[in-house]
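Asks: Chains as they are written, first to last, in the UniProt record's numbering: chain A, 1 to 409; chain B, 1 to 409. For every residue, glycine included, the Cβ atom is placed at its ideal position computed from N, Cα and C. My structure is below; once you've seen it, I'll send some questions.
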């Protein structure tokens, strides 16, 4: 990647890029008093793009959003509820998602074709539309262009998440400052494929929706698609990006001299959000970062990294601070990718535990200390080629089981 | 399958078929006083076959067993230790597996080419060969042809298993009684592909090793390969079958009138062992049986059934007795198989919860009672074709995490 081409904007959020307001409130879908309805509004038509879950059972809002984006690649707003996924809800669910779209459009004074809809929560229950509609009416009064607006929105999209997830960077394009920000939620049923749980990116860059779609997909494959909490791909995964163009740079193309800087910045935002989701995985106490290098191809490295990060045995061992590298190599061996069984190196942080597939004696006390930290890095070198990848996940704990043994009740 | 072509032999074990003795003892590989070294001996050369893990990192004993079987498809004995997998142990591990083979051959007075070797336990540590060798010298004195011999062997192959796993049936071939028996171990790192953890089948049927190999693979695909505990495929999975021929039937061929009865009997033994492994999955409180019918093909049904049974969210919900069918349909939708999203029926036991992909109101109290049982059946009908499959797994509990957070220590 060379030198870092972006600056991190501490405390920035989805309202930092020029032209965006956001807000959130409690409409009554969650049992607690926490926000459960949120909105992002752009003051001008924003070039927009989205990626969606690959699960065959896609929730009603995804189809509504797909149609909105299909009408011209432009969005003014996205309306989101938490507490109910509006998935597997049949014709009524479809009608409810469309009602959310049109009611939000009316309240925000935009066209309904310019409103995306997203939902997250329990599957298979109908939305309490009276509460949603009452909330939508109050939303315009909650819109703010400051960080409180971003914060309220971040809160409104959470379910079992413990922390709000946001990231913001600035990049220089044509000598102008362009900002890129994102918000996300996700904690369980996390094994994204094409998109994550829910993610929202705002930017004031000037970029066409076609190119934004291409870049969003490329960056998603290296960020949201490289995390797993539990191997379960949701019915509601969706990532939406909106570009206001108000930074007034000359429109980005692949040959624009600052195009790479924009992609790097977007990748940073998406990777930070993805890592935040992994760290906040249901019941998690640690972030696990697995890097695989020396593979036959990047695709092989990705598959192996995701197999390691998805292994319940590896995740349990990390929870217990047990330097059980046997489970790591067993995961490497079942990933379905080319591996030379005699040339594998494994490190836990800086601690070499396997070299050329042979166990290396290591200090168990030092390993224990390292594994007790809140971030555990697993490095695998296959010593075959130049393919590499990084994936993120979390440990498997008692609390994951507790949370998921009684989610509906 | 038509009418049942076999009779269950209650209390039968690997010593029930004519010609087999077995035994076990504690040699010192396990920290507790439980048996950790076992042997099965056939008084005549037995036609033999085996299937192995597909993990690229195969433990040393697998190569030794593969070579023994390659030398003529005949075995007299199989020697097994628990407490140490002898996997990822390099040249010393290979030498140790070969020493187990030749020392057992000497002690049992058979050719070393007629001895299979299997190991299970921790990965990456060298065997304490002084203890193993001392145990092997005592093994001949522990051989018994009664059920105590079978019992001692079953005990000797266990690791985190809580219960011994055995099954036995009788089938009539040429008017003679033929018995088929099996023993197995397995509790964690269970996601077999081509073979299970460790399984041992004995029979007194007369059958050539080539046909026995074919049948063993076919039956394995419908039994051991249809279970999962945690999605992790071991480095040591192995299933060995030995046929003494002492029932003195005319040699089995595919056109033999009782061939189907033999296969049915073998399938019953392997399925019972596979289900016992799933029920005894690490930390498990329940057996989950998932049946998928109406799929495009049997292969599609198998993939979907295994995706459901492998879902951490489904497993956690079953532990919590939560009728969370949304997680089941989400698993159906991410299995990578053809599914008509409008025609899916789901039942929990006899309780219909989804029909033509629409939620059906059901009595939560009755569902709770059903889900509190020790066996939970999930039925999915895709209403597309005639493909079907059944898979077995277990619930995900606090104890799975507890057991695996500190396995090595």
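Do three or more CB pairs link the segment 167-175 of chain A to the segment 209-221 of chain A at distances below 8 angstroms?
Replies: As far as the Cβ criterion goes, the segment 167-175 of chain A does not touch the segment 209-221 of chain A, which means the pair count is below three.
Asks: Quick one: which chain B residues come within Cβ less than 8 angstroms of residue 347 of chain A?
Replies: Counting from 1 along the first chain, the entry for residue 347 of chain A is found at position 347. Per Cβ cutoff of 8 angstroms: no residues; residue 347 of chain A is ~15 angstroms from chain B at best.
Asks: I need the boundaries of the alpha helix (DSSP H) containing residue 312 of chain B, first residue and last residue.
Replies: Within the second chain, the letter at position 312 stands for residue 312 of chain B. Residue 312 of chain B -> alpha helix (DSSP H) spans 312-319.
Asks: Enumerate, from N- to C-terminal direction, the unbroken alpha helix (DSSP H) stretches of 4 or more residues contained entirely within the segment 322-379 of chain A.
Replies: You should have 325-333, 364-371.
Asks: Express the C-alpha separation of residue 13 of chain A and residue 6 of chain A in angstroms, rounding to a whole number.
Replies: Position 6 of the first chain, counting from 1, holds the residue named residue 6 of chain A. Position 13 of the first chain, counting from 1, holds the residue named residue 13 of chain A. Each residue's Cα considered, the two are about 16 angstroms apart.
Asks: Report back the beta-carbon spacing between residue 246 of chain B and residue 211 of chain B to the nearest angstrom; my notes put them in contact at under 8 angstroms.
Replies: Residue 246 of chain B sits at position 246 when you count from the first residue of the second chain. Residue 211 of chain B sits at position 211 when you count from the first residue of the second chain. That pair is no contact at about 17 angstroms.
Asks: Please check if any C-beta of chain A sits within less than 8 angstroms of the C-beta of residue 382 of chain B.
Replies: Here residue 382 of chain B refers to the residue found at position 382 when the second chain is read from its first residue. No, residue 382 of chain B does not count as interfacial toward chain A.
Asks: I'd like to know if residue 392 of chain A contacts chain B, where contact means its C-beta is closer than 8 angstroms to some C-beta of that chain.
Replies: As a position in the first chain, residue 392 of chain A is number 392, starting the count at 1. By this cut-off, residue 392 of chain A is not an interface position.
Asks: Among residues of its own chain, excluding the 5 on either side of residue 207 of chain A, which ones have a beta-carbon nearer than 7 angstroms to its beta-carbon?
Replies: Translated into positions along the first chain, residue 207 of chain A becomes position 207. Only 47, 243, 251, 252 meet the Cβ criterion.
Asks: Residue range of the alpha helix (DSSP H) that residue 140 of chain B falls in?
Replies: To locate residue 140 of chain B, count along the second chain from 1; it is residue 140. Here residue 140 of chain B belongs to no alpha helix (DSSP H), and DSSP marks it neither H nor E.
Asks: What are the residues that DSSP puts in a beta bridge with residue 52 of chain B?
Replies: Counted from its first residue, the second chain places residue 52 of chain B at position 52. Answer is B:238.
Asks: Buried or exposed: where does residue 31 of chain A fall if 16 or more other Cβ atoms within 10 Å of its Cβ makes it buried?
Replies: As a position in the first chain, residue 31 of chain A is number 31, starting the count at 1. It is exposed - the Cβ of residue 31 of chain A has fewer than 16 other Cβ atoms within 10 Å.
Asks: So, does the CB of residue 387 of chain A fall closer than 8 angstroms to a CB anywhere in chain B?
Replies: Along the first chain, read from residue 1 onward, the residue named residue 387 of chain A stands at position 387. False, the Cβ-Cβ gap to chain B never drops below 8 angstroms.
Asks: Does the contact criterion of 3 or more C-beta pairs under 8 angstroms hold for the segment 158-168 of chain A versus the segment 92-107 of chain A?
Replies: Short answer: they don't touch.
Asks: For the putative contact between residue 201 of chain B and residue 269 of chain B, defined by C-beta atoms under 8 angstroms, what is the C-beta separation to the nearest angstrom?
Replies: Residue numbering aside, residue 201 of chain B sits at position 201 when the second chain is read from its first letter. Residue numbering aside, residue 269 of chain B sits at position 269 when the second chain is read from its first letter. Going by Cβ atoms, the distance from residue 201 of chain B to residue 269 of chain B rounds to 6 angstroms, so yes, they are a contact pair.
Asks: Beta-carbon of residue 221 of chain B versus every beta-carbon of chain A: anything under 8 angstroms?
Replies: Counted from its first residue, the second chain places residue 221 of chain B at position 221. Taking Cβ atoms only, chain A never reaches closer than 8 angstroms to residue 221 of chain B, which makes this a no.
Asks: Using a Cβ-Cβ cutoff of 9 angstroms, what residues of the segment 49-65 of chain B are near chain A? List them in chain order.
Replies: Going along the segment 49-65 of chain B in chain order, one finds 53, 54, 55, 56, 57, 58 with a Cβ nearer than 9 angstroms to chain A.
Asks: Express the C-alpha separation of residue 29 of chain B and residue 135 of chain B in angstroms, rounding to a whole number.
Replies: Position 135 of the second chain, counted from the first residue, corresponds to residue 135 of chain B. Position 29 of the second chain, counted from the first residue, corresponds to residue 29 of chain B. Distance between the alpha carbons of residue 135 of chain B and residue 29 of chain B is about 10 angstroms.
Asks: Near residue 275 of chain B, what residues of its chain come up, given a Cβ to Cβ distance below 7 angstroms and the 5 sequence neighbours on each side ignored?
Replies: Sequence index remark: in the second chain, residue 275 of chain B carries index 275 (1-based). Result list for residue 275 of chain B: 287, 392, in chain order.
Asks: For the segment 331-362 of chain A, which residues have a beta carbon sitting closer than 8 angstroms to at least one beta carbon of chain B?
Replies: Here the close residues are 331, 332, 333, 334, 339, 341, 354, 357, 358, 359.
Asks: Rounded to the nearest angstrom, what separates residue 184 of chain A and residue 228 of chain A at their Cα positions?
Replies: What you label residue 184 of chain A is simply residue 184 of the first chain in a count that begins at 1. What you label residue 228 of chain A is simply residue 228 of the first chain in a count that begins at 1. The alpha-carbon atoms of residue 184 of chain A and residue 228 of chain A are separated by roughly 15 angstroms.
Asks: Give me, in chain order, the residues of the same chain whose beta-carbon lies closer than 6 angstroms to that of residue 272 of chain A; leave out the 5 immediate sequence neighbours on both sides.
Replies: The sequence position of residue 272 of chain A within the first chain is 272, counting from 1. Counting only Cβ-Cβ distances below 6 angstroms, and skipping sequence neighbours, we find 167.
Asks: Touching or not, the segment 114-121 of chain B and the segment 397-406 of chain A, by the rule of three or more beta carbon pairs under 8 angstroms?
Replies: Touching, no, given that fewer than three Cβ pairs across the two stretches are closer than 8 angstroms.
Asks: For residue 193 of chain A, is the classification buried or exposed, using 16 other Cβ atoms within 10 angstroms of its Cβ as the cut-off for buried?
Replies: The residue you call residue 193 of chain A lines up with position 193 of the first chain. With a pLDDT of only 47 at residue 193 of chain A, under 50, the local geometry of the prediction cannot be trusted, and the value read off the model is given with reservation. Looking at its Cβ environment, which holds 16 or more other Cβ atoms inside 10 Å, residue 193 of chain A is buried.
Asks: For chain A, find out if any of its Cβ atoms is closer than 8 angstroms to the Cβ of residue 157 of chain B; answer yes or no.
Replies: Taking the second chain and counting its residues from 1, one reaches residue 157 of chain B at position 157. It does not; no Cβ of chain A falls within 8 angstroms.
Asks: Starting from residue 97 of chain A, find everything on chain B with Cβ-Cβ shorter than 9 angstroms and list it in chain order.
Replies: Here residue 97 of chain A refers to the residue found at position 97 of the first chain. Under the 9 angstroms cutoff, chain B gives no residues; its nearest Cβ is about 16 angstroms from residue 97 of chain A.
Asks: Using a Cβ-Cβ cutoff of less than 6 angstroms, which residues in the same chain neighbour residue 104 of chain B once the five nearest sequence positions on both sides are dropped?
Replies: Position 104 of the second chain, counting from 1, holds the residue named residue 104 of chain B. Excluding positions up to five away in sequence, the list reads 79, 115, 136.
Asks: Count the other CB atoms within 10 Å of the CB of residue 267 of chain A; is the residue buried (16 or more) or exposed (fewer)?
Replies: As a first step, residue 267 of chain A must be located in the first chain, where it is residue number 267. With 16 or more other Cβ atoms within 10 Å, it is buried.
Asks: In the structure shown, what three-state DSSP assignment does residue 98 of chain A receive?
Replies: Along the first chain, read from residue 1 onward, the residue named residue 98 of chain A stands at position 98. Looking at residue 98 of chain A - three-state DSSP - the assignment turns out to be helix.
Asks: Counting contacts by CB-CB distance shorter than 8 angstroms, is residue 376 of chain B in contact with chain A?
Replies: If you number the second chain from 1, residue 376 of chain B lands on position 376. With 8 angstroms as the cut-off, residue 376 of chain B does not count as an interface residue toward chain A.
Asks: Excluding sequence positions up to five away, which residues of its chain have a Cβ less than 7 angstroms from the Cβ of residue 35 of chain A?
Replies: As a first step, residue 35 of chain A is located in the first chain; it is residue number 35 there, counting from the start. Closer than 7 angstroms at the Cβ level, and outside the excluded window around residue 35 of chain A, lie 24, 25, 26, 152, 155, 156.
Asks: Where does residue 279 of chain B fall in DSSP's three states?
Replies: Translated into positions along the second chain, residue 279 of chain B becomes position 279. It is helical.
Asks: For residue 138 of chain A, which residues of its own chain have a beta-carbon under 7 angstroms away from its beta-carbon, when the five flanking residues on both sides are left out?
Replies: Residue numbering aside, residue 138 of chain A sits at position 138 when the first chain is read from its first letter. 25.
Asks: Using 8 angstroms as the limit for Cβ to Cβ distance, is residue 366 of chain A near chain B?
Replies: Here the question's residue 366 of chain A lines up with position 366 in the first chain. So, not an interface residue.
Asks: I'd like to confirm the pairing. Which residues does DSSP put opposite residue 115 of chain B in its beta bridges?
Replies: Reading the second chain from its first residue, position 115 is the one you call residue 115 of chain B. B:77, per the DSSP bridge assignment.
Asks: What's the gap between the Cα of residue 304 of chain B and the Cα of residue 374 of chain B?
Replies: For the purposes of this step, residue 304 of chain B is taken as residue 304 along the second chain, with counting starting at 1. For the purposes of this step, residue 374 of chain B is taken as residue 374 along the second chain, with counting starting at 1. Roughly 23 angstroms between the two C-alpha positions.
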